Amino acid sequence: MDEWYVNDNNITPSKVKKYFKNYKEEAESTFANLEKLRDALSSGVSFSQAVQNYSFLRSEKKHVYRIGNQSSDNAHETRLYICVEEEQKIIYLLDLGDKNTQKIDINNSHKKAGKILA
Amino acid sequence: MGNHKSVSSMLDNMLGDSKITEGVQKKVEETKIVHELVKQRIRAGKTQADIAESWGCDPATISRFEDKKDDDIKLGDLARYCNAIGTGVGVHIAPPVHSRAAALVSCVKEIDIHLKELTKLAKEYSDDEIIVDGITKFQANVLLDILKNASSHTDDLIERIELVKPADDCIETSCEAELLKV
């Protein structure tokens, strides 16, 4: 099976750094879930199968999906927005946010995904 | 910036902070076995509901199982899950290896186990005695060849084979007899 890649051209390092600083556990869990998704796709699981089977992966429409963190009672909800290019086997990171910023984050992600997949 | 082969390498490049990468890697390691099981289930085309039916439980139970860390799963549940997705599961506890001869004996035992499994499967799935006989002879020949070719460690081998002497297998007994002649 061909390896899948993660592309970070569309996400700002300072934002990622901020989340790791403020919500360490949640950010670690979110990025661990991203690695699980990358690994599953690399092993032959199709993206549609992944969406159906991984509870941390949800559609936000217009080709944008969000990866969440492992839920626990006190966890802050971190959301990593992605889109995928299945032929080239690339997961594009689009934005990172939480429940408070989700509207803006999703809108930004829709715009970015539209450009990437055009 | 760009394409990365793993999330760890991406974070390393992006943030240059090894502690962050280690934290993410630790989280991945915590659920490595469960993640592998879920991957196998998906690739087998089975849903959580399919596994629940096989277990005789609610799909929510399977969902909770798949959310667990490796440290929290029970061995019995692991075996039941593997059975439900159609993969095998085994536990291999090997003695400490002190010498090349001991390592060889360990490998021979391993080969023997798999060949016995092959013979069993052949008996289950085929009525053809020629096939079953062929596999049985192959098993005997493989073991004899390995043991005969280990003449430089004969004494050590004999000692160790006596330690792991099989209970009631005529093929292994004949191998042992052959070895004692070497």
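These protein sequence lines map, in sequence, to chains A and B. Sequential numbering from 108 applies to the first sequence in our numbering. Sequential numbering from -17 applies to the second sequence in our numbering. Glycine included, C-beta positions come from ideal geometry on N, C-alpha and C. Small disclaimer: the values here were computed from a predicted structure and weren't measured.
Using CA coordinates, which residue listed in the options is at the minimum distance from residue i?
| i | options | result |
| --- | --- | --- |
| residue 2 of chain B | A:120, A:135 and A:118 | A:135 |
| residue 7 of chain B | B:-10, B:39 and B:127 | B:-10 |
| residue 74 of chain B | B:127, B:88 and B:64 | B:88 |
| residue 126 of chain A | A:164, A:187, A:199 and A:157 | A:187 |
| residue 208 of chain A | A:185, A:137 and A:121 | A:185 |
| residue 174 of chain A | A:217, A:163, A:156 and A:216 | A:163 |
| residue 50 of chain B | B:38, B:17 and B:64 | B:17 |
| residue 171 of chain A | A:182, A:192, A:137 and A:133 | A:192 |
| residue 10 of chain B | B:38, B:36 and B:53 | B:53 |
| residue 93 of chain B | B:20, B:121, B:15 and B:106 | B:121 |
| residue 15 of chain B | B:47, B:-2, B:42 and B:35 | B:47 |
Would a C-beta distance cut-off of 8 angstroms place residue i and residue j closer than the cut-off?
| i | j | result |
| --- | --- | --- |
| residue 113 of chain A | residue 141 of chain A | yes |
| residue 173 of chain B | residue 160 of chain A | With chain B covering only -17 through 164, there is no way to say anything about residue 173 of chain B. |
| residue 123 of chain A | residue -4 of chain B | yes |
| residue 143 of chain A | residue 5 of chain B | no |
| residue 109 of chain A | residue 196 of chain A | yes |
| residue 44 of chain B | residue 30 of chain B | yes |
| residue 165 of chain A | residue 198 of chain A | no |
| residue 200 of chain A | residue 220 of chain A | no |
| residue 63 of chain B | residue 97 of chain B | no |
Distance, Cα to Cα, residue i vs residue j?
| i | j | result |
| --- | --- | --- |
| residue 119 of chain A | residue 68 of chain B | 44 angstroms |
| residue 152 of chain A | residue 194 of chain A | 14 angstroms |
| residue 223 of chain A | residue 203 of chain A | 17 angstroms |
| residue 176 of chain A | residue 205 of chain A | 11 angstroms |
| residue 71 of chain B | residue 225 of chain A | 46 angstroms |
| residue 95 of chain B | residue 112 of chain B | 21 angstroms |
| residue 26 of chain B | residue 130 of chain B | 43 angstroms |
| residue 0 of chain B | residue -8 of chain B | 11 angstroms |
| residue 128 of chain A | residue 12 of chain B | 21 angstroms |
| residue 119 of chain B | residue 85 of chain B | 24 angstroms |
| residue 121 of chain A | residue 40 of chain B | 43 angstroms |
| residue -13 of chain B | residue 158 of chain A | 21 angstroms |
| residue 182 of chain A | residue 138 of chain A | 15 angstroms |
| residue 126 of chain B | residue 115 of chain B | 16 angstroms |
| residue 91 of chain B | residue 28 of chain B | 35 angstroms |
| residue 189 of chain A | residue -15 of chain B | 14 angstroms |
| residue 124 of chain B | residue 110 of chain B | 22 angstroms |
| residue 210 of chain A | residue 65 of chain B | 44 angstroms |
| residue 213 of chain A | residue 150 of chain A | 29 angstroms |
| residue 154 of chain A | residue 111 of chain A | 11 angstroms |
| residue 55 of chain B | residue 37 of chain B | 15 angstroms |
| residue 116 of chain A | residue 167 of chain A | 20 angstroms |
| residue 117 of chain B | residue 35 of chain B | 37 angstroms |
| residue 133 of chain A | residue 108 of chain B | 54 angstroms |
So, is the C-beta of residue i closer than 8 angstroms to a C-beta in chain B?
| i | result |
| --- | --- |
| residue 205 of chain A | no |
| residue 126 of chain A | no |
| residue 112 of chain A | yes |
| residue 220 of chain A | no |
| residue 151 of chain A | yes |
| residue 145 of chain A | yes |
| residue 115 of chain A | yes |
| residue 197 of chain A | yes |
| residue 142 of chain A | yes |
| residue 158 of chain A | no |
| residue 168 of chain A | no |
| residue 131 of chain A | yes |
Determine whether the Cβ of residue i lies closer than 8 angstroms to any Cβ atom of chain A.
| i | result |
| --- | --- |
| residue 36 of chain B | no |
| residue 151 of chain B | Model confidence at residue 151 of chain B stands at a pLDDT of 43, short of 50, so the residue's coordinates are unreliable; what they give is reported in the following sentence. Closer than 8 angstroms: no. |
| residue 96 of chain B | no |
| residue -12 of chain B | yes |
| residue 19 of chain B | no |
| residue 6 of chain B | yes |
| residue 68 of chain B | no |
| residue 2 of chain B | yes |
| residue 24 of chain B | yes |
Note down, in chain order, every chain C residue with its Cβ under 7 angstroms from the Cβ of residue i.
| i | result |
| --- | --- |
| residue 9 of chain B | Among the protein chains in the structure shown, which are A and B, there is no chain C. |
Q. Is there contact between the region 94 to 103 of chain B and the region 52 to 67 of chain B, where contact requires at least three CB pairs shorter than 8 angstroms?
A. No: fewer than three Cβ pairs fall under 8 angstroms.
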